[in-house]
Amino acid sequence: MSSVSETARKTFLEAYGTEPAGLWAAPGRVNLIGEHTDYNDGFVLPFALPQRTVAAAGPATDGRWSVCSTLAPEPVVFGVTDPGDVTGWGAYVAGIVWALQDAGFEVPPARIALASDVPLGSGLSSSAALESAVLTALIDLGGLDVPPERRPAIAQRAENVYVGAPTGILDQSASIRCREGYALFLDCRSYQVEQIPFDLTGEGLAILVINSNAPHQHVDGEYGERRKSCEAAATALGVPALRDVSTAELPQALERLDDDVLRRRARHIVTENQRVLDTVSLLRSGRVREIGPLLTASHESMRDDFEITVDQVDVAVQASLDAGAYGARMTGGGFGGCVLALVNTDRADATAAAVAAAYQERGFTAPTSWVATAGPGAGRI
Ligand code: GAF
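In full-length UniProt numbering, the protein residues as written are 1 to 381.
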């Protein structure tokens, strides 16, 4: 048993005085490319991290739900719930119970204990990992018939309506629908997926993840403001979503927008969708190295047009490129968080060291780097 699973089991035993009925795990994610495209009905290409959140869970006889974690050992307890009843971190769990009930399912009262090795607040989807682990546990405990393709939208609704964060469907889809050794090509309008083989070891390549350790927080005005700008641009252009503008139509569309900020936000989304499609085409034909320039172009677009990067991530991208990476970009919602760099496997350590040196020179908090492989999606352990 992995140490996270064992920790979750022990936390359950200590809190509730009995063994859990089972253990369910859901991963964090790295988004290879396709940032802020999800709530524009566009395309994303995440893969699941081996790091995951484990929910040790068992039935409760008092008709209520109790949840604790290694970070908060005193259980949060709630009964039938509506948005606003439970606040703080417990809202992510209460939100899942509420969203499942709201979708018409009879959710079994349960006791849950959580443990995780997904870095918190680093743009690697720790919230979605928590939601997805709890969702998967409750579905299994209750024997609920919720097909995998419906699950991400239920978890997203918990986050949007119960927690109050206006996020898209990328993170929950990645945590629930990714497969080991594959990246998940997701159409965020139709929810159709294609599993794209993504095992780089045979190519002598690696994805180096660099946590900038700059504070990351998107449940705030900046994320919501980007979303509103995209919706305003789509409305001004008379399309349901920016997904409906092609790169060929982009120059004309930009002329029709009279606000420079809206122009730049729209340009990021339209070009980013195309970069996802181009990346998928290259990966399908095994031309992995060639995705490098697309990754870097994605970063430049996030930095200059979408304006969601910070100095620490820009420096990590530049230092990685200077150290010979094929491409590098920030991953996740932005305003801090992590950078990924596509590197030759034997250059991973040197690249990490180059970024650390660049940080030291600027007086930034030291970064944390590791090579990420594509792990499995949510499921029972
Ligand atoms: C965050 C959100 F939760 C996702 O829905 C997505 O918009 C991402 O930022 C940016 O691509 O992780």
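Positions of the beta carbon are idealized from the N, C-alpha and C atoms, including for glycine. This structure is a prediction, so every number in the text was calculated from the model and none was measured.
Under the three-state DSSP convention, the category residue i falls into
i           : result
C68         : strand
N273        : helix
P73         : coil
R256        : helix
W98         : helix
V219        : Annotation note: pLDDT 47 at V219 (below 50); position unreliable, no value reported.
F105        : coil
C188        : coil
G22         : strand
I291        : helix
A48         : strand
residue 405 : This structure cannot settle anything about residue 405, because the visible part of the chain is limited to 1 through 381.
L170        : helix
V30         : strand
A323        : coil
L144        : coil
G224        : helix
A232        : helix
G379        : strand
P251        : helix
Cα-Cα separation, residue i to residue j
i    : j    : result
V219 : F335 : Caution applies to V219, whose pLDDT of 47 falls short of 50 and renders its modelled position unreliable; the model cannot decide the point.
G332 : D260 : 24 Å
L250 : A233 : 12 Å
V343 : G286 : 16 Å
A214 : D62  : 43 Å
S298 : R380 : 35 Å
F306 : D82  : 35 Å
I210 : Y326 : 15 Å
P240 : D346 : 46 Å
S126 : L120 : 6 Å
R289 : N160 : 37 Å
Q360 : A353 : 10 Å
I33  : S301 : 12 Å
M330 : L321 : 13 Å
E19  : S5   : 13 Å
Residues bridged to residue i (per DSSP)
i           : result
T368        : N211
S116        : T53
D318        : The question names Asp, yet the displayed sequence has Gln at residue 318. Q318 pairs with nothing; no bridge assigned.
M330        : V339
F78         : W65
V280        : DSSP output for V280 lists no bridge partner at all.
P197        : Y182
F306        : According to DSSP, F306 bridges with nothing at all.
residue 383 : This structure gives no information on residue 383, because the portion of the chain shown stretches from 1 to 381.
L205        : N344
F43         : D187
C-beta contact flag for residue i and residue j at 8 Å
i           : j    : result
A128        : S175 : yes
V270        : L242 : yes
R29         : C178 : yes
G95         : P166 : no
V77         : V93  : no
L155        : A55  : For clarity, residue 155 is Ala in the given sequence; the question names Leu instead. No.
L208        : A348 : yes
A57         : L141 : yes
residue 388 : A8   : With the chain covering only 1 through 381, there is no way to say anything about residue 388.
L262        : S212 : no
F105        : V80  : no
beta-carbon residue i near ligand 2 non-hydrogen atom, thresh 7 Å
i    : result
E225 : With respect to ligand 2, the structure offers nothing, as its ligand set consists of ligand 1.
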